[in-house]
Each structure stands twice: as C-alpha cells, then as structure tokens.
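In terms of full-length UniProt numbering, the sequence shown has 94 at position 94, counting the first letter as 1, and numbering is strictly consecutive.
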Amino acid sequence: MTLTFYTNPQSRGRIVRWMLEETGASYDIVVLGYADSMKSDDYRAINPMMKVPAIVHDGRVVTETAAICAYLADAFPQAGLAPRTDEERAAYYRWMFFAAGPMETAIINKSMGVEPDADQQRMAGYGNFALAAGVLEQAVATTRFVAGDRFTAADVYVGSGIGWYTRFGLLPQNGVFDAYLERIESRDAFKRAGELDDAAAAAAS
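Shown next as structure tokens:
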C-alpha cells in the first residue's frame, strides 16, 4: 500500500491531515509551495486545478477535501469513520455535502463582500448567508456529532469548517458551535495533526 499526501500546512490540507491521523494509516507527505511546486508540471498531472490537498492511494488520485475524507473513511474501515447504519449514512452525506457546497459558497461570498439580492437568492444554492449559517448550527445542535451519536469523517470535514470559520469571524461564535468544537477538537488525532502541520509550517517559513 502506498499513500502520498500532497499539501501545504496553511491550507485545507490541514483537514486531510487530521483525517489521515484518524485513520492510523501510514502515509508519505509532499509539502508544496503556492508560488512554485503547486504549479509544477508534475503536480498538475495529479491535480490540474493546481490546488491542495490531494492524495494518491495505490496509484488512484483523489482531490477535493470532502471527497478525500469520504474516500479515506471507506479505504480504512477499521478506523470506524464511515457510516454504519442507514440513519448515519443519510446524515453523513447530507451534512458533508452541505458543508462542501452551499455553506462553503456562502462563506466565500461573504468573505468577498458578495450579498445576493432577493432575485439572486433564488439562484444561489445557499439562498442567503443567514439561512445557511442557521441550518449549519441546527445540524450540530440536535445530535452529539453531525451524523448521530458517533464521530465520523463527516465531523472531520464539517467540524474543520466550523472551527476555521468561527475563528476568522466568518461564522458567529456561540454556545452551540463552541460545544461541538470542544467535543471534536479534544480528539488525539486532531491535536496530533495540528502539531504536525504547525511544525511543517514553521519549517517552511
């Protein structure tokens, strides 16, 4: 088994690093620079978008952070990060793809100062920011974890987004988000991944 992880420690690659640490799998890491190696011909052959993260697992390329998390959960079932029941599976895919689609679009538009008017809200998959943020809050308020009572890969992806967005003021900090983050960020794999990425960022500076 070969597993290579392409990343930059100051990117969404931090999400995949956490996911990899949760799986317990061995992996090689390639740290890429935004201005140079991320745009190289070698890396463009892996991801023509010239973005990180990406993984190559036994010759199979997976890009897009949510897809990588879901793939790794299936590839390493012993870690117990994939859904086990129909109820878990429904919530797992629902909220992972909500976070990757409508919520991320709403966040990006907000950070760029884009506010859709009433007509544009009918076209936008997220409607408006307040609606999307309220739905996300409800998703983590009603159960211990986003897919139910058990931690899954969906929490790695959804939780990373909530952590990032609240710390940078893109989502409001409140008791619901704080309690959820406390549950997931207390995990050893989360702490270990953060330490590894912080060390990689320091080494690259």
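Backbone N, C-alpha and C fix where the C-beta goes; we use that ideal spot for every residue, glycine too.
None of the values given here were measured: they were computed from a predicted structure.
The residue among Thr143, Asn47, Ala73 with its C-alpha nearest the C-alpha of Glu64 is Asn47.
At the C-beta level, Ala200 and Pro53 stay beyond 7 Å of one another.
Ala82 sits close to Ala73, with the two beta carbons spaced by under 7 Å. By the beta-carbon neighbour count (other beta carbons within 10 angstroms, threshold 16), Ala70 is buried. Exposed is the label assigned to Thr2, since fewer than 16 other Cβ atoms lie within 10 Å of its Cβ.
Annotation: the continuous alpha helix (DSSP H) that includes Ala133 extends over 129-141. Under the three-state reduction of DSSP, Ile108 is assigned to helix. Distances from the alpha-carbon of Ala202 to those of Glu87, Val31, Gly163 put Val31 closest. Around Val61, the same chain offers Ile46, Ala54 as residues with beta carbons nearer than 7 Å, after the five sequence neighbours per side are excluded. Ser205 counts as exposed, since fewer than 16 other C-beta atoms from the protein chains shown sit within 10 angstroms of its C-beta.
Remark: C-beta atoms of Ala90 and Ala66 do not approach each other more closely than 7 Å. The beta carbon of Asp197 lies closer than 6 Å to those of Pro9, Arg14, Arg17 in the same chain, with the five residues before and after it left out. It is roughly 6 Å from the alpha-carbon of Gln173 to the alpha-carbon of Thr166.
DSSP, reduced to helix, strand and coil, places Ala54 within a strand of the structure shown. The criterion of a C-beta distance shorter than 7 Å is satisfied by Glu21 and Ala193. Beta-bridge analysis with DSSP links Gly148 to Phe145. Collapsing the DSSP output to three states places Leu3 in a strand.
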